[in-house]
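Scroll down for the structure; my scribbles are underneath it.
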Amino acid sequence: MSRHAALDTFGRSGNPVFGEKFSQRGDFAGSQAMSLDGAVNKTGILLALCFGGAFIGWSNPGLMWMGLILGFIAAMYTSFVPRNAHIGAPAYALLEGIALGGISMMFESQYPGIVIQAIGLTFGILASLLFAYKSGLILPTQNFRLMLFSATAGIALLYLVSIIMSFFGSGIGFIHSNGLFGIGFSLFVVGIAALNLVLDFDFIEQGAEMGLPKYMEWYGAFALMVTLVWLYLEILRLLAKLQSRR
Amino acid sequence: MNTVFFSFIAILSLFIFFNLGKVKASQKQRNRNDRVQWGKRPWQGQKANNVSEQRDGTKIIDVTPEDVENKSEKE
Numbered sequence: 001m002s003r004h005a006a007l008d009t010f011g012r013s014g015n016p017v018f019g020e021k022f023s024q025r026g027d028f029a030g031s032q033a034m035s036l037d038g039a040v041n042k043t044g045i046l047l048a049l050c051f052g053g054a055f056i057g058w059s060n061p062g063l064m065w066m067g068l069i070l071g072f073i074a075a076m077y078t079s080f081v082p083r084n085a086h087i088g089a090p091a092y093a094l095l096e097g098i099a100l101g102g103i104s105m106m107f108e109s110q111y112p113g114i115v116i117q118a119i120g121l122t123f124g125i126l127a128s129l130l131f132a133y134k135s136g137l138i139l140p141t142q143n144f145r146l147m148l149f150s151a152t153a154g155i156a157l158l159y160l161v162s163i164i165m166s167f168f169g170s171g172i173g174f175i176h177s178n179g180l181f182g183i184g185f186s187l188f189v190v191g192i193a194a195l196n197l198v199l200d201f202d203f204i205e206q207g208a209e210m211g212l213p214k215y216m217e218w219y220g221a222f223a224l225m226v227t228l229v230w231l232y233l234e235i236l237r238l239l240a241k242l243q244s245r246r
Numbered sequence: 247m248n249t250v251f252f253s254f255i256a257i258l259s260l261f262i263f264f265n266l267g268k269v270k271a272s273q274k275q276r277n278r279n280d281r282v283q284w285g286k287r288p289w290q291g292q293k294a295n296n297v298s299e300q301r302d303g304t305k306i307i308d309v310t311p312e313d314v315e316n317k318s319e320k321e
């Protein structure tokens, strides 16, 4: 599951659509332009849909794979057709919620209490980094973006190789191990996923400043959701590794 | 106890997100020259993107009038 999310994020970060859409600056004004309020409200709608989906997935874990596959398709569609993000993003949030519900239920049955810890930490990181970004404690630059892009691509590649190797009965052991190296790797991935949030904040902030079209609010909210889903899954894996050592 | 603590963190964080998210970023964040350039690819660096090389080897540096003024002020 986390492999899929990492690939999503990788696809989004390198998405050429960002470039095309930012060249449309200034064409839209007033109620037709992207705003911070709109992007935050739409993130709220996507979060509500994700929680709704998670409730369904928790009650019916059998729907997990359907949620994963259809969620991936919805994510790809939204990435490449941002104009229809108002359809793709809610669909992604609902379907990914169903998948997350099933996955969370599986983790919870093995390690009771782990899900609420992961949710608390995910939103805690979201709020902390938003404060750091808004106040100017973190100043993302083009080099920062390149560093994150490279790290995210590297993680995605590692997960992809791991998936391919698993088809032949092999795998990259340390990714899933609960040893110090495995926990260190998970911490690194959590760090990279968290820093991707800063880029999402910057995308939304600059989009609102430049007056991008209204549908980019959905696109910005979608980008934030993809990163949040990835971050949540990586925190869940990290906590599971830590608890399995007890 | 664990559940109450992490639930409180989640709710407080969401409250912060929905309020702080609607506020514009600080001047320090917005008024700087090295911001992320979303119109460019991640691998197109900050410095190289305003320099283009012609076929005869000459380089054209694309700068705004403000940049030129700032430079001449420093000199």
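Here the protein sequences come in this chain order: L and P. Its first residue numbered 1, the first sequence is counted upward by one per residue in my numbering. Its first residue numbered 247, the second sequence is counted upward by one per residue in my numbering. For each residue, glycine too, the CB sits at the ideal point set by N, CA and C. The structure displayed is predicted, hence computed values, not measured ones.
{"Check": "Between which two residues does the alpha helix (DSSP H) harbouring glutamine 275 of chain P extend?", "Outcome": "273-276"}
{"Check": "With 9 Å as the C-beta to C-beta threshold (strictly closer), list the residues of the region 189-208 of chain L near chain P in chain order.", "Outcome": "Leu199, Phe201, Asp202, Phe203, Ile204, Glu205, Gln206, Gly207 and Ala208"}
{"Check": "What are the residues that DSSP puts in a beta bridge with alanine 33 of chain L?", "Outcome": "L:Pro213"}
{"Check": "For leucine 130 of chain L, collect the residues of the same chain with a Cβ closer than 7 Å to its Cβ; drop the 5 residues on either side in sequence, then sort them by chain order.", "Outcome": "Phe201"}
{"Check": "State the Cα-Cα distance for the pair phenylalanine 185 of chain L and isoleucine 175 of chain L, rounded to the nearest angstrom.", "Outcome": "7 Å"}
{"Check": "Measure how close the beta-carbons of serine 272 of chain P and glycine 220 of chain L come, nearest whole angstrom, since I'm counting them as under 8 Å.", "Outcome": "That pair is no contact at about 19 Å."}
{"Check": "Please report whether the beta-carbon of isoleucine 255 of chain P lies at a distance below 9 Å from any beta-carbon of chain L.", "Outcome": "yes"}
{"Check": "Along chain P, which residues have their Cβ under 7 Å away from the Cβ of alanine 127 of chain L?", "Outcome": "Ser259, Ile262 and Phe263"}
{"Check": "Taking only beta carbons into account, state which residues of the region 131-155 of chain L come closer than 7 Å to chain P, listed in chain order.", "Outcome": "Phe131, Tyr133, Lys134, Ser135, Gly136, Leu139, Pro140, Thr141, Gln142, Asn143, Arg145, Leu146 and Phe149"}
{"Check": "How many angstroms separate the CA atom of phenylalanine 251 of chain P from the CA atom of isoleucine 114 of chain L?", "Outcome": "13 Å"}
{"Check": "Rounded to whole angstroms, what is the Cα-Cα separation between glycine 102 of chain L and serine 244 of chain L?", "Outcome": "20 Å"}
{"Check": "What do you get for arginine 275 of chain P, buried or exposed, if any count of 16 or more other CB atoms within 10 angstroms of its CB means buried?", "Outcome": "The identity of residue 275 of chain P in the sequence shown is glutamine, whereas the question assumes arginine. With 16 or more Cβ atoms within 10 Å of its Cβ, glutamine 275 of chain P is classed as buried."}
{"Check": "Would you give the residue range spanned by the alpha helix (DSSP H) that glutamine 110 of chain L belongs to?", "Outcome": "85-110"}
{"Check": "For the pair the region 189-199 of chain L and the region 134-153 of chain L, tell me if three or more CB-CB distances fall below 8 Å.", "Outcome": "yes"}
{"Check": "Let's see if you can read the secondary structure: which residues bound the alpha helix (DSSP H) around phenylalanine 251 of chain P?", "Outcome": "248-266"}
{"Check": "Distance, Cα to Cα, methionine 247 of chain P vs leucine 258 of chain P?", "Outcome": "16 Å"}
{"Check": "Just to make sure I have the definition right: I need the residues of chain P whose C-beta is within less than 7 Å of the C-beta of glycine 44 of chain L. Which are they?", "Outcome": "Phe264"}
{"Check": "May I ask you to check if the CB of leucine 195 of chain L is nearer than 8 Å to at least one heavy atom of the ligand MN?", "Outcome": "What this structure holds is no ligand at all, so the ligand MN is not there to describe."}
{"Check": "Beta-carbon within less than 6 Å of methionine 105 of chain L's beta-carbon, same chain only, minus the 5 sequence neighbours each way: which residues are those?", "Outcome": "Trp58 and Pro61"}
{"Check": "With C-beta atoms as the reference, is phenylalanine 144 of chain L less than 9 Å away from valine 198 of chain L?", "Outcome": "yes"}
{"Check": "For chain P, find out if any of its Cβ atoms is closer than 9 Å to the Cβ of glycine 113 of chain L; answer yes or no.", "Outcome": "yes"}
{"Check": "Apart from the five residues just before and just after glycine 71 of chain L, which ones in its own chain have a Cβ nearer than 7 Å to its Cβ?", "Outcome": "Tyr92, Leu95, Glu96 and Ala99"}
{"Check": "Assuming contact is defined by CB atoms lying nearer than 9 Å, are phenylalanine 117 of chain L and valine 282 of chain P in contact in what I supplied?", "Outcome": "Here residue 117 of chain L is glutamine; the residue named in the question, phenylalanine, does not match the sequence. No, the Cβ-Cβ distance between glutamine 117 of chain L and valine 282 of chain P is not below 9 Å."}
{"Check": "Kindly indicate which residue of L:Ile119, L:Thr141, L:Ala48 and L:Ala127 has the alpha-carbon position closest to the one of leucine 238 of chain L.", "Outcome": "L:Ile119"}
{"Check": "Taking 9 Å as the CB-CB cut-off, is alanine 39 of chain L touching chain P?", "Outcome": "yes"}
{"Check": "Give the straight-line distance between the Cα atoms of glutamine 110 of chain L and methionine 210 of chain L, rounded to the nearest whole angstrom.", "Outcome": "48 Å"}
{"Check": "Counting only C-beta atoms, is leucine 121 of chain L closer than 9 Å to chain P at any point?", "Outcome": "yes"}
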